[in-house]
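Each residue of the sequence shown is one higher than the one before, starting from 2 at the first, in the working numbering.
This report refers to the structure that appears directly beneath it.
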Amino acid sequence: MSRRTDGRRAVGVALLSTVVVFTAIGFAIANSPGWPVVKEQFFSWQHFKDGFPEIAHAFLLNVKIFLIAEPIILVLALLLAIVRGLPGPVFAPFRILAIIYADFFRGIPTILVILMLGFGMPALGLSWLPTSTTFWGVVALVLVYTAYVSEVYRAGLESVHPSQDAAARSLGLSRLQGLRYVIVPQAIRRVIPPLLNDFIGLQKDTALVSVIGAIDALQQATIDEAANFNFTPFVCAAVLFVAITIPLTRFTDHLVARDRARRQASGALA
């Protein structure tokens, strides 16, 4: 009974301290000399209401890019991680190429990759090359995030104990079958939380396609800001991104907590 009472008391203290801190912050901001100007320029309800429909419609492009890029990244990154783990001198050239790819695209800022592909590839003037800014934005995000996600997969593959592979081989499975039925399923289950974190970052980085002219939420907000000389459309775009990323973040935290509880239960049984 005392533990339950202490728990309720701790929750109450935490809630009270949170309310006090945020109230103090809000009071300090609202009483600052420049708050009326900031409020009008960034938090105008009229501009928010007027710009929201167009920005929300443009935000669908961000969601579309995310939904197209994510499955492609999942597949390519897994293949890249598997190639990096192939043993033997025969596969050395493939391992080297995989390492170069991962290092190269993790070392270049995403916005530079988008700029180089978005402006450079159409400038080649090849009739068979797409000129769509959305297409090259997706390609750039796939190239960059495949490099990052492959490292997540590689960590998961290396976390599976070698005895699992030996057990698969002893059952008569080939190396490819062992990867497919034994190693990869275990590795993917272990890296789901960090994978979701990467895809939260991907959802936010879809806004970078605006630099090559794609009319996404950020670009539409920029157009509205230039027309009205008010920054509220940027806040509107931020609200849409937050509405997507916060639920994903909480879901990731839930998976992490569930995985930790499962591991602790397995350790207790052992």
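Backbone N, C-alpha and C fix where the C-beta goes; we use that ideal spot for every residue, glycine too.
C-beta atoms of residue i and residue j nearer than 7 Å
i           : j           : result
residue 218 : residue 241 : yes
residue 161 : residue 187 : yes
residue 257 : residue 194 : yes
residue 150 : residue 199 : yes
residue 215 : residue 134 : yes
residue 99  : residue 81  : yes
residue 213 : residue 119 : yes
residue 246 : residue 201 : yes
residue 122 : residue 130 : yes
Beta-carbon contacts of residue i that lie in its chain and below 7 Å, excluding the five residues immediately before and after
i           : result
residue 148 : 102, 103, 106 and 107
residue 237 : 49, 52, 53, 56 and 222
residue 180 : 83
residue 184 : 158, 161, 165 and 166
residue 189 : 157
residue 191 : 157 and 160
Own chain residues within Cβ distance below 8 Å of residue i, not counting five before or after
i           : result
residue 45  : 231 and 233
residue 203 : 67, 70, 71, 74, 142 and 146
residue 197 : 249, 252, 253 and 256
Reduced DSSP secondary structure (H/G/I, E/B, other) of residue i
i           : result
residue 58  : helix
residue 130 : coil
residue 86  : coil
residue 43  : helix
residue 38  : helix
residue 144 : helix
residue 232 : coil
residue 123 : helix
residue 174 : coil
residue 164 : helix
residue 109 : coil
residue 217 : coil
residue 18  : helix
residue 32  : coil
Neighbourhood of residue i by C-beta distance below 6 Å, restricted to the same chain and skipping five residues each side
i           : result
residue 235 : 222
residue 63  : 207, 217 and 218
residue 211 : 217, 219 and 220
residue 60  : 218 and 241
Cβ distance (whole Å) where residue i is taken to contact residue j below 8 Å
i           : j           : result
residue 111 : residue 209 : 6 Å
residue 155 : residue 85  : 6 Å
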